[in-house]
Amino acid sequence: MGQWCPVFASSSTVQRTIIAEPYYQIYEDQFTLSSSPMNFTVSFILPNPEALHSIKAYGPDNSALNLYAAWDGSTGNMTILVETNGTSSFTLETILHYTTQKSSQNYTTFLNLYPAVEEEMGANLILFTPSNSTLFEYPENLTYTTVDGKPALVGEDILEPSRAYNATIGYSGDFELIEINNLEHRIAVGSGGITVTDSVQVVNINSNIAYNVTIRLPDSASLVRVYDSIGYMNYELNGAYLTIDLRTRILPTERASFTLVYDIPAASAFESQAGNIVLSGSFLPGWCQYLVRNLTLVVELPLGSSNVVAQGLQVINGSSWIACWNQASDVTPHSGLEYVVSFVPAPYSIPAGSVVLLVFLVAITVAIIAYYFLKIRKNELKKRFEAEPSLPKSPKRKK
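Counting with the numbering used here, you get residues 656 to 1054 for the letters of the sequence shown.
Printed below as a string of structure tokens:
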């Protein structure tokens, strides 16, 4: 998170950093208090209680702190009680969603610029604006600038007790208002590259009905396939943009599931270092810019691989396969979850997922060879039979 350090007369301060995306907003509040209370209260104004996705609190030693949330429907106030246990500093991490409205290609996102607290407090704000967007509306008391090379709005204020500080930002762009409830991101490594299989359950967080989902595939992706439990699904590929026609429409908050498969060539998928094959990247597939509630990452290595080293993943050796995997929750591209897998391939590596197919192909090949062998043998016997003269009948013995 970026740093913005004005000087305040108040002895208690909070630095709020917001990463605002159309699909979610990540709030990080770093509190420094003038006293050491046992509890501390922070409030958000929300359009509905479902807008609070998750909230966590950490002490100065990064230990988790207990907290409790209470919703007041009459005021739209979500109050968070943090058990600070006598510490004078702590960090609150909050993820909100269902706060963006879409109209044509314009978007409006509701934000809490500063926390609502019960004591006077100096506050500063860094608000990173949505990626790949054009900002056309924002509060006048904020300054548009760059922080760490990224477009941002910055500001400062003296917070009055129990006062809410809400605003909206308006921007244009091309965004799909969805999030991912479940995602299994499976990477099968072969000699020619990797095959990616993403099993996805999407949630419609738009206020409108969704009939399709558009995502941006990696530029080097090829051999795209999309299917669900019924069969293959219709899709349109326009450059790198893939539009998938959902089997049925989904209303706001409803879900749909499908599996996306595509190949990435070796030149783009991994590199060779001192005889080792090295594969690295984010836990999330390249197309996923969304909030993922439950994520499973699996990297399947070729049979016979050795010297397997996996950073960020657990290595599992089966009787006929090798896999590296891990799980995570509430993941976004800003989570910073990455992995590195290196291994020495066998001389003739076969991806573990291809063993069944290989056995099938071998069986078919053997059957075809046997069929033609028998056919040729039959023809040879037939020709031999036709070429051999028939034996004359034995002469009848005269009586």
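The C-beta atom is built at its ideal place from N, Cα and C for all residues, glycine as well.
Item to check | Sub-8 Å separation of Tyr-769 and Arg-671 beta-carbons | outcome: Cβ atoms of Tyr-769 and Arg-671: closer than 8 Å.
Next on the checklist: For Ser-743, which residues in the same chain have their Cβ closer than 6 Å to its Cβ, ignoring the five residues on either side in sequence?
Outcome noted: Cβ neighbours of Ser-743 beyond the five flanking positions: Leu-688 and Ser-691.
Checklist entry - Mind checking Tyr-723: buried by the 16 CB within 10 Å criterion, or exposed? => result Burial call: exposed.
Checklist entry - Taking just the CA atoms, how far does Asn-861 sit from Pro-907? => result A direct Cα-Cα distance of roughly 6 Å separates Pro-907 from Asn-861.
Item to check | Terminal residues of the beta strand (DSSP E) in which Ala-822 lies | outcome: First-last of the beta strand (DSSP E) with Ala-822: 820-827.
Next on the checklist: In the DSSP output, which residue or residues are listed as bridge partners for Phe-845?
Outcome noted: Checking the sequence shown, residue 845 turns out to be Gly, not Phe. Gly-845 is bridged by DSSP to Gly-848.
Next on the checklist: Given this structure, state the Cα-to-Cα distance separating Ser-846 from Ala-921, to the nearest angstrom.
Outcome noted: When the Cα atoms are used, Ser-846 and Ala-921 turn out to be separated by approximately 7 Å.
Next on the checklist: Classify Tyr-682: buried if its beta carbon has 16 or more other beta carbons within 10 angstroms, exposed otherwise.
Outcome noted: Tyr-682 should be labelled buried.
Checklist entry - How is Ser-923 classed by DSSP in three states: helix, strand or coil? => result Helix, per DSSP.
Checklist entry - How should Met-693 be labelled, buried or exposed, when 16 other C-beta atoms within 10 angstroms of its C-beta is the threshold for buried? => result So Met-693 counts as exposed.
Checklist entry - Within 10 angstroms of its Cβ, does Gly-777 collect 16 or more other Cβ (buried), or is it exposed? => result Note on Gly-777: 16 or more other CB atoms within 10 angstroms of its CB, so buried under the neighbour-count rule.
Checklist entry - First and last residue of the beta strand (DSSP E) that includes Ala-777? => result Just to set this straight, residue 777 is Gly in the shown sequence, not Ala. 776-783 is the extent of the beta strand (DSSP E) around Gly-777.
Checklist entry - Once you ignore the five residues that flank Val-970 on each side, which residues in its own chain have a CB closer than 6 Å to its CB? => result Sequence-distant partners of Val-970 (beyond 5 residues in either direction) whose C-beta falls short of 6 Å from its own C-beta, in its chain, are Val-963 and Cys-979.
Checklist entry - Any idea what DSSP makes of Pro-692, helix, strand or coil? => result In the structure shown, Pro-692 sits in coil (DSSP, three-state: anything other than H, G, I, E or B).
Next on the checklist: Taking the straight line between their C-alpha atoms, what separation do you get for Pro-806 and Phe-783?
Outcome noted: Their backbone Cα atoms lie some 6 Å apart in a straight line.
Next on the checklist: Going residue by residue through the segment 930-972, where are the continuous beta strand (DSSP E) segments of at least 3 residues, counting only ones entirely within it?
Outcome noted: Fully enclosed beta strand (DSSP E) runs of 3 or longer: 931-937, 947-956, 961-966 and 969-972.
Checklist entry - On the premise that Val-851 lies in contact with Tyr-899, defined as a C-beta separation below 8 Å, what is that separation, rounded to the nearest angstrom? => result Looking at the sequence provided, one finds Ile at residue 899 rather than Tyr. Contact doesn't hold; Cβ gap of about 15 Å is too wide.
Checklist entry - How many Å lie between Met-733 and Glu-676 at the Cα? => result Roughly 21 Å separates the two Cα atoms.
Item to check | Proximity of Val-916 and Leu-897 at Cβ, strictly below 8 Å | outcome: The answer is no: Cβ separation not under 8 Å.
Next on the checklist: Taking 8 Å as the threshold (C-beta atoms), are Glu-811 and Glu-775 in contact?
Outcome noted: Taking 8 Å as the Cβ cut-off, Glu-775 and Glu-811 do not qualify as a contacting pair.
Item to check | Endpoints, the beta strand (DSSP E) within which Gln-982 is located | outcome: Bounds of the beta strand (DSSP E) holding Gln-982 are 977-986.
Next on the checklist: Can you give me the C-alpha to C-alpha distance between Asn-740 and Val-802, rounded to a whole angstrom?
Outcome noted: Distance between the alpha carbons of Asn-740 and Val-802 is about 34 Å.
Item to check | Rounded C-alpha distance that separates Gly-930 from Ser-997 | outcome: Roughly 10 Å between the two C-alpha positions.
Item to check | Where the beta strand (DSSP E) containing Leu-906 begins and where it ends | outcome: From DSSP, Leu-906 is part of no beta strand (DSSP E); its letter is neither H nor E.
Checklist entry - Once you ignore the five residues that flank Ser-937 on each side, which residues in its own chain have a CB closer than 6 Å to its CB? => result Cβ within range, chain order: Glu-993.
Checklist entry - Does the Cβ of Ser-698 have 16 or more other Cβ atoms within 10 Å, making it buried, or fewer, making it exposed? => result With 16 or more Cβ atoms within 10 Å of its Cβ, Ser-698 is classed as buried.
Checklist entry - How should Asp-853 be labelled, buried or exposed, when 16 other C-beta atoms within 10 angstroms of its C-beta is the threshold for buried? => result It is buried - the Cβ of Asp-853 has at least 16 other Cβ atoms within 10 Å.
Checklist entry - In three-state DSSP terms, what is Pro-704? => result Looking at Pro-704 - three-state DSSP - the assignment turns out to be helix.
Checklist entry - Roughly how many whole angstroms lie between the Cα atoms of Leu-808 and Lys-757? => result So the alpha carbons of these two residues sit roughly 21 Å apart.
Checklist entry - Per DSSP, what kind of secondary structure is Val-669 in: helix, strand or coil? => result Strand at Val-669.
Item to check | Beta-carbon proximity check, Asn-981 vs Leu-968, cutoff 8 Å | outcome: Contact flag set, yes.
Next on the checklist: Quick check on this structure: which residue in Val-999, Thr-755, Glu-738 and Thr-869 has the alpha carbon closest to the alpha carbon of Leu-958?
Outcome noted: Its Cα nearest to that of Leu-958, the residue Val-999 stands out among Val-999, Thr-755, Glu-738 and Thr-869.
Next on the checklist: Let me make sure I understand the geometry here. Which of Asn-837, Ser-718, Phe-791 and Asp-829 has the alpha-carbon closest to that of Ser-984?
Outcome noted: When C-alpha distances from Ser-984 are compared across Asn-837, Ser-718, Phe-791 and Asp-829, the shortest belongs to Asn-837.
Next on the checklist: Looking only at its chain, what residues have a beta carbon closer than 6 Å to the beta carbon of Arg-841, apart from the 5 residues adjacent to it on each side?
Outcome noted: Closer than 6 Å at Cβ, skipping near neighbours: Thr-852 and Val-953.
Next on the checklist: Helix, strand or coil for Tyr-994? Go by DSSP, reduced to three states.
Outcome noted: Collapsing the DSSP output to three states places Tyr-994 in a strand.
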